[in-house]
Amino acid sequence: MSLKLYNSATSQKEDFKSLSPNQVLMYCCGPTVYDAPHLGNFRTFVFYDLVKRVLIQNNFEVKQVVNITDIDDKIIDKVNSGEMDYKELTTKFNDVFLQHSKTLNIEKADEYPKTSDHVPAMIDFIKQLIDKGYAYNANGNIFFDTEGYSRYGKFINIENTEALDDEDNALGKKNQKDFTLWKAWKEEDGDITWESEWGNGRPAWHTECAVLATKSLGNAIDIHCGGIDLKFPHHENEVAQVEALLDATFSNYWLHSEHLTLEEEKMSKSLGNTVNVSDLLGKYSPETLRLFLLSSHYRSKIYFSDKKLDDSSKMLDKINRFIEHVGINTLEGSNANISDDYTRFLDALNDDLNTPEALGIFFDFINKKNKKIHDNSLSEKDIKESQEFIAGFNFIFCVFNQSSLKNQEIPSEVQKLASLREKMRNQQKWEEADKLRGEIEKLGWLIEDLKDSQKLLKKK
RNA sequence: GGCGUCGUACCCAAGCGGUCUAAGGGAUCGGUUUGCAAAACCGCUAUUCGUCGGUUCGAAUCCGACCGACGCCUCCA
């Protein structure tokens, strides 16, 4: 089955067709680096990774750009609070973002352009919009003129008839929906400012993304991603600028991921109900977090709870045990030994990234093979099919990596206790054996007794 | 107020017109297995998909109303 994606621009699932035959250009709205990221942020970043991996699985070469917003009101607020200076703050949270991305097995993007490195290009971009009559200067603020742009409302049904409020009037806005491209310098901005022909100031968020995307990927891209909250107004405003200027389609597909919520309320820093990723990583493995995030469809809300993370952790155990039993020595797929289930798995992912269904299919497959393991009828073909499926599954879900395969070596201490236990069991000294099992568990290893041997598994 | 999304078992979560007496995971309770466990396997747990109507030969799936939850319209992943 060919890849289908739900396009927010048309509100429909569509067959995916790339601009050039085997390449996909993909722009993803990245973090604003002013604070520690929460799990909701990473739900979206893991979603980007999902999109990318599924594209790769479909043999596309993906060029992905994730921007880093480091010019922003919140950053300025934080700097003004005196906690950290500008450079220190933005560097710190940029590093945290990259570090967590790595921990969560998110594939590196090709570029992570920072807003502050491209301000001259933004000034130039705004100038072109003014020249074309799509933007106007009001007291040093530059606004996009939504009235002069007929395609405003790509993502939302709106009527641009709402009245201007006092604040709008004070700013000199012409229409309520007009948005800022350039913010004139204010005292609180301090030295976070750039010179332009309209006076000092800084580019506004929507312009930042418009410029970073077109500058790094070109004027026409395949996929633009972001969290659902960015759909309006951020993406609406971003696309309006680019398409006004170019008079051509900017991105063919717009993908938006749903929120992670805490107690039925969106997790967000302004609501103060966030769950910090660093904290979670102290309690759960990155694989658990990743599996948790991928076990709901990306367009459904996820209600966060520890119970669900525990469930995900158990799922992981089950998967890992299966992998242990089948045995695997490479994560490279071979395209041979493809089972029907694996094909269904790939189809599910190609059907708008249906990870929950794909997971279900994988578990179904595990159950079938476990039955065979149970009654000792696992064939060579079964093993090869399993290895192939595991490799393909792992490429998307990342439950373990090549290095962890090698790190499974059993410490000699554990090994010693285990063989002693084996001896005790053979002599039917059950109490001794059970005691040893307890000791082994304390060291972080579980024992599974097989027909005439025992298997050691690392506790997760 | 305007614009949207969602409501499937004890919990989570797919399915979006017929193969649905509804996948998969977790949990519970029985059973097989085991020296005992653990794991694995078998079985039980939704004739029902928020409620009420309608369309259809046929609906969890389409339409309408209502109830409930959430999101966007201001910063937000």
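Just so you know, we're using this note's numbering here: the first sequence kicks off at 34 and counts up by one. Ideal placement from N, C-alpha and C gives every residue a C-beta, glycine not left out. As the structure is a prediction and not an experimental result, all values here were calculated from the model.
Check                                                                                                                                                : Outcome
Asn74: buried (16+ other C-beta within 10 angstroms of its C-beta) or exposed?                                                                       : buried
For the beta strand (DSSP E) containing Thr496, list its first residue and its last residue.                                                         : Since the first residue shown for the chain is 34 and the last is 493, residue 496 is missing from the structure and cannot be characterised.
Which residues bound the beta strand (DSSP E) around Ile175?                                                                                         : 174-177
Suppose contacts are defined by Cβ-Cβ distances below 8 Å. Is Phe396 in contact with Phe426 by that definition?                                      : no
Beta carbon of Leu476, beta carbon of Glu357: below 8 Å?                                                                                             : no
I'd like the span of the beta strand (DSSP E) that includes Ser290, first residue to last.                                                           : 284-290
Once you ignore the five residues that flank Met300 on each side, which residues in its own chain have a CB closer than 8 Å to its CB?               : His71, Leu72, Gly73, His292, Leu293, Thr294, Asn306, Thr307, Val308, Phe337
So Thr52 packs on Asp211, CB below 8 Å; how close in whole Å?                                                                                        : It is worth fixing the name first, because residue 52 is Leu in this sequence and not Thr. Contact flag wrong, Cβ pair sits at about 31 Å.
Does the stretch 200-210 touch the stretch 161-181, meaning 3 or more C-beta pairs lie closer than 8 Å?                                              : yes
Looking at the unbroken alpha helix (DSSP H) that takes in Val57, where does it start and where does it end?                                         : Looking at the DSSP string, Val57 is not in any alpha helix (DSSP H); the run it does join, the beta strand (DSSP E), is 56-61.
Give the straight-line distance between the Cα atoms of Asp103 and Ser345, rounded to the nearest whole angstrom.                                    : 34 Å
Going by alpha carbons, who is nearest to Asp280 out of Lys216, Leu245, Ala246, Ser183?                                                              : Ser183
Which term fits Ser303, buried or exposed, when burial requires 16 or more other beta carbons within 10 angstroms of its beta carbon?                : exposed
Considering only the beta carbon of each residue, do His257 and Trp287 sit closer than 8 Å?                                                          : yes
Looking at Ser229: is its Cβ nearer than 8 Å to the Cβ of Ile156?                                                                                    : yes
Look at the Cβ atom of Tyr119, then the Cβ atom of Ile225, and state whether they are nearer than 8 Å.                                               : yes
Which partner residues of Pro236 appear in the DSSP bridge assignment?                                                                               : Trp215
Quick one: residues in its chain with C-beta nearer than 8 Å to the C-beta of Leu36, no 5 flanking neighbours on either side, listed in chain order? : Asp48, Phe49, Val87, Leu88, Asn91, Asn383
Among residues of its own chain, excluding the 5 on either side of Glu298, which ones have a beta-carbon nearer than 7 Å to its beta-carbon?         : Leu304, Asn306
Need the endpoints of the beta strand (DSSP E) that Ala171 sits in, please.                                                                          : 168-171
May I ask you to list the residues that DSSP assigns as paired with Trp227?                                                                          : Gly234
Helix, strand or coil for Asp384? Go by DSSP, reduced to three states.                                                                               : strand
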